[in-house]
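Asker:
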Amino acid sequence: MPEMAIEGYGGCDARDWDEEGYRKSILQERELRCRTVFRTAFAPSQSPNPETVVVASSDGAVASYSLASCISATSQPLHVNKVVNQKTLPGPLLAEPLFIIKGHKGPAYDLKFYWHGEECLLFSCGDDGHLRGWNWKELLNSDIHGDMQGNSLKPILELANPQHEGPWGALSPIPENNAIAIDEQEGSVFSAAGDACAYAWDVETGKQKVVFKGHADYLHCITARKSSHQIITGSEDGTTRIWDCRSGICTQVIRPEKNFKSKVSSWVSSVATDTSESWLACGTSTGLSVWSLLSSECIFSINSRSPVQDLLFDDNQILAVGSEPVLTRFSINGAALSQIKCAPQSAFSVSLHPSGVCYSDRWLWRTGGRLITIREPSVHVLLRRLGYMTKGLASDGENPAPDFSKNPLYGIFLWIFSCCTFFIHSAPDFSLKHGDL
1 MPEMAIEGYG
11 GCDARDWDEE
21 GYRKSILQER
31 ELRCRTVFRT
41 AFAPSQSPNP
51 ETVVVASSDG
61 AVASYSLASC
71 ISATSQPLHV
81 NKVVNQKTLP
91 GPLLAEPLFI
101 IKGHKGPAYD
111 LKFYWHGEEC
121 LLFSCGDDGH
131 LRGWNWKELL
141 NSDIHGDMQG
151 NSLKPILELA
161 NPQHEGPWGA
171 LSPIPENNAI
181 AIDEQEGSVF
191 SAAGDACAYA
201 WDVETGKQKV
211 VFKGHADYLH
221 CITARKSSHQ
231 IITGSEDGTT
241 RIWDCRSGIC
251 TQVIRPEKNF
261 KSKVSSWVSS
271 VATDTSESWL
281 ACGTSTGLSV
291 WSLLSSECIF
301 SINSRSPVQD
311 LLFDDNQILA
321 VGSEPVLTRF
331 SINGAALSQI
341 KCAPQSAFSV
351 SLHPSGVCYS
361 DRWLWRTGGR
371 LITIREPSVH
381 VLLRRLGYMT
391 KGLASDGENP
401 APDFSKNPLY
411 GIFLWIFSCC
421 TFFIHSAPDF
431 SLKHGDL
């Protein structure tokens, strides 16, 4: 009789209930919904229009995606803040990764590509304090999909930050790596660590070359000034320091917060140099400043309503994102040229597609925002498609997106990665008027 009752209720036998398995499934589902992408990089390609993007995420995963597959997933129209028939709303847009590996224990914070002779290495770093170099060709040729089955794929280079010895010989935890910089001319890879130090490693031997000590708190960011054999670091202590790579000596200390009116203590979250390596942009918790590295003078500094979390130079202009839903373009003199709304409330990374942007007063520019829910890992990517040129009036957003692989003038791709902790399956389509860019 009990067996019949059980069958009558759909075969749910409580005697085989796996409480621990149920708990794990709930945690895994929450992790998928809360996964954050911290960094992205366009993969090297012989084509002037790279078609692959690599991401580092909060679960330690390093994954690669095809731009063409992501764009094709946006072919369905999306409706936002409109009264529409629910049956016409599309479901989540899914893009399968080309590969996915468990790169780090804990979050993966940064990744950079490094050309080593005929080989290309993908360096990644994270909360576990390890800096790992992966053979890019092996990753592309591997068949690694799904639940991060790439644990069997080993890095060809693995570097670990040193532990510090305390009283009675006790060792500190391995400090995390928050950012990476590359200098292929010197054969070096640099890491910005959580012990207030930066480290230089020899890619050929895997040995530590130089330790850069001087900051009073952990490092957020690092970039290489290759023409001068220098690196530039930004720290929680509110300073930006310029270091000589050969001696490890700090040659200059820049304090961006002195140029801001805010009385709140500030940290330096991001640094970037232009192609000539003559200009330095510093993003902080209170604003943005640009410095001349030749004269050591501050060119401009502006306050912002929220921290700047990433920035880069685009010719003589600066693109910046942070903990507010906008992408801002600044001139070298500090004038805000444009602000484009983003779906995520916070953005950690912005990357510039090598094809660049064509500027002309005779052309109107259309930008379409699409959130793509990527399966395994399920991260939310806002693809800002700038450079789809339409002559005449601004598009109403109903035209389909152009085929990226067939349009070399497609322009600029800005991948903006959010720290949203919930699913959003659509983003507004913004049509820019003449002169907005």
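Just so you know, the sequence shown maps onto residues 1 to 437 in full-length UniProt numbering. Note that CB positions come from ideal geometry on N, CA and C, so glycine has one too.
With a threshold of 16 other CB atoms inside 10 Å of the CB of A14, please say whether the residue is buried or exposed.
Answerer: Classification for A14: exposed.
Asker: Taking the CB atoms as reference points, tell me whether L122 and V54 lie closer together than 9 angstroms.
Answerer: In contact: L122 and V54 (Cβ atoms closer than 9 angstroms).
Asker: Counting only the same chain and skipping the five closest in sequence on each side, list residues whose C-beta sits under 6 angstroms from that of D16.
Answerer: Nothing listed; no residue qualifies.
Asker: I'd like the ranges of any alpha helix (DSSP H) spanning at least 4 consecutive residues and lying wholly in the stretch 99 to 165.
Answerer: DSSP runs (the alpha helix (DSSP H)) wholly in the stretch 99 to 165: 136 to 141.
Asker: I need the straight-line Cα distance from P155 to G126, nearest angstrom please.
Answerer: Their Cα atoms are separated by approximately 14 angstroms.
Asker: Taking only the alpha-carbon atoms, compute the straight-line gap between F313 and A181 and give it to the nearest angstrom.
Answerer: C-alpha separation (whole angstroms): 16 angstroms.
Asker: Which residue comes first and which comes last in the beta strand (DSSP E) that contains S351?
Answerer: Careful: S351 lies outside any beta strand (DSSP E) and carries neither H nor E.
Asker: When you compare the stretch 271 to 278 with the stretch 297 to 309, are there three or more beta-carbon pairs, one atom per stretch, that lie closer than 8 angstroms?
Answerer: Not touching, per the Cβ criterion.
Asker: Based on Cα-Cα distance, which residue from A347, N177, S265 and D18 lies nearest to H130?
Answerer: Of A347, N177, S265 and D18, the residue nearest in Cα terms is N177.
Asker: Do you know offhand how far E297's Cα is from E186's?
Answerer: Straight-line Cα distance between these residues: approximately 28 angstroms.
Asker: Pop quiz: I302 and G287 are said to be a contact at Cβ under 8 angstroms. What is the actual Cβ separation, rounded to whole angstroms?
Answerer: Going by Cβ atoms, the distance from I302 to G287 rounds to 5 angstroms, so yes, they are a contact pair.
Asker: Can you list, in chain order, the residues of its chain whose CB lies under 6 angstroms from that of S349, leaving out five sequence neighbours each side?
Answerer: Counting only Cβ-Cβ distances below 6 angstroms, and skipping sequence neighbours, we find R39, T40, D310 and F417.
Asker: Let me make sure I understand the geometry here. Which of A200, A281, T239 and D244 has the alpha-carbon closest to that of S265?
Answerer: Answer by Cα proximity: T239.
Asker: Terminal residues of the continuous beta strand (DSSP E) containing residue 493?
Answerer: With the chain represented from 1 up to 437, any question about residue 493 goes unanswered, as that position is not in the structure.
Asker: Is P325 helix, strand or coil when you go by DSSP?
Answerer: Looking at P325 - three-state DSSP - the assignment turns out to be strand.
Asker: Ordered along the chain, which non-local residues of its own chain (more than five positions away) have a Cβ less than 6 angstroms from that of F99?
Answerer: Cβ neighbours of F99 beyond the five flanking positions: S64, L139, S142 and I144.
Asker: When the Cα atoms are used, what is the spatial distance from A198 to V211?
Answerer: So the alpha carbons of these two residues sit roughly 6 angstroms apart.
Asker: Work out the CA separation of N49 and P354 for me, nearest whole Å.
Answerer: Cα to Cα, P354 sits roughly 7 angstroms from N49.
Asker: When you compare each of C342, S292, P325 and A43 to I332 by their alpha carbons, which one comes out closest?
Answerer: Nearest C-alpha to I332: S292.
Asker: Alpha carbon to alpha carbon, how far is Y109 from V62?
Answerer: C-alpha separation (whole angstroms): 10 angstroms.
Asker: DSSP on E20, reduced to helix/strand/coil?
Answerer: Here E20 sits in helix by DSSP.
Asker: Report the start-end ranges of each beta strand (DSSP E) in the stretch 188 to 238 that is 3 residues or longer and not cut off at the edges.
Answerer: Taking only runs of at least 3 residues, the beta strand (DSSP E) segments lying wholly in the stretch 188 to 238 are 188 to 193, 197 to 202, 208 to 213, 219 to 225 and 230 to 235.
Asker: Is the Cβ-Cβ distance between R241 and G283 less than 9 angstroms?
Answerer: No, Cβ-Cβ distance for R241 and G283 is not below 9 angstroms.
Asker: Ignore the nearest five residues each way along the sequence and tell me which others in V83's own chain have a CB closer than 8 angstroms to its CB.
Answerer: Interpretation of V83 is limited by its pLDDT of 44, a score under 50 that renders its predicted location unreliable; the figure taken from the coordinates is listed afterwards. Closer than 8 angstroms at Cβ, skipping near neighbours: no residue.
Asker: I think C245 touches H229, with their Cβ atoms under 8 angstroms apart; what is that distance to the nearest whole Å?
Answerer: At roughly 5 angstroms, the Cβ-Cβ gap stays under 8 angstroms, so C245 and H229 are in contact.
Asker: Leaving out five residues before and five after P44 in sequence, what residues of the same chain have Cβ atoms less than 8 angstroms from its Cβ?
Answerer: Once the five neighbours on either side are set aside, the close Cβ partners of P44 are P50, F113, W115, C120 and W136.
Asker: Counting C-beta neighbours from all protein chains within 10 Å, is the total for L327 16 or more, i.e. buried, or is it exposed?
Answerer: Its Cβ being crowded by 16 or more others within 10 Å, L327 is buried.
Asker: For the alpha helix (DSSP H) holding residue 492, just list the boundary residues, first then last.
Answerer: It is not possible to answer for residue 492, since the shown part of the chain is limited to 1 through 437.
Asker: Report, in whole angstroms, the separation of the C-beta atoms of P325 and Q345, which I expect to be a contact under 8 angstroms.
Answerer: Going by Cβ atoms, the distance from P325 to Q345 rounds to 5 angstroms, so yes, they are a contact pair.
Asker: Reducing DSSP to helix, strand and coil, say where L298 ends up.
Answerer: Reading off the sequence shown, one finds Cys at residue 298, where the question assumed Leu. Looking at C298 - three-state DSSP - the assignment turns out to be strand.
Asker: Give the DSSP-derived three-state secondary structure of G169 in the structure shown.
Answerer: Helix at G169.
Asker: Is the separation between the beta-carbon of G234 and that of V268 shorter than 9 angstroms?
Answerer: Result yes, Cβ atoms of G234 and V268 sit closer than 9 angstroms.
Asker: Should V253 be labelled buried (16 or more other beta-carbon atoms within 10 Å of its own) or exposed?
Answerer: Counting Cβ neighbours within 10 Å, V253 comes out exposed, since fewer than 16 surround it.
Asker: Would you tell me roughly how many angstroms separate the C-alpha atoms of A196 and A347, rounded to the nearest one?
Answerer: The straight-line gap from Cα to Cα measures roughly 24 angstroms.
Asker: Should residue 487 go down as buried or exposed, given a rule of 16 or more other Cβ atoms within 10 Å for buried?
Answerer: In the structure as shown, the chain begins at 1 and stops at 437. Residue 487 is therefore absent and cannot be evaluated.
Asker: Distance, Cα to Cα, D18 vs V37?
Answerer: Looking at the two C-alpha atoms, the distance is approximately 32 angstroms.
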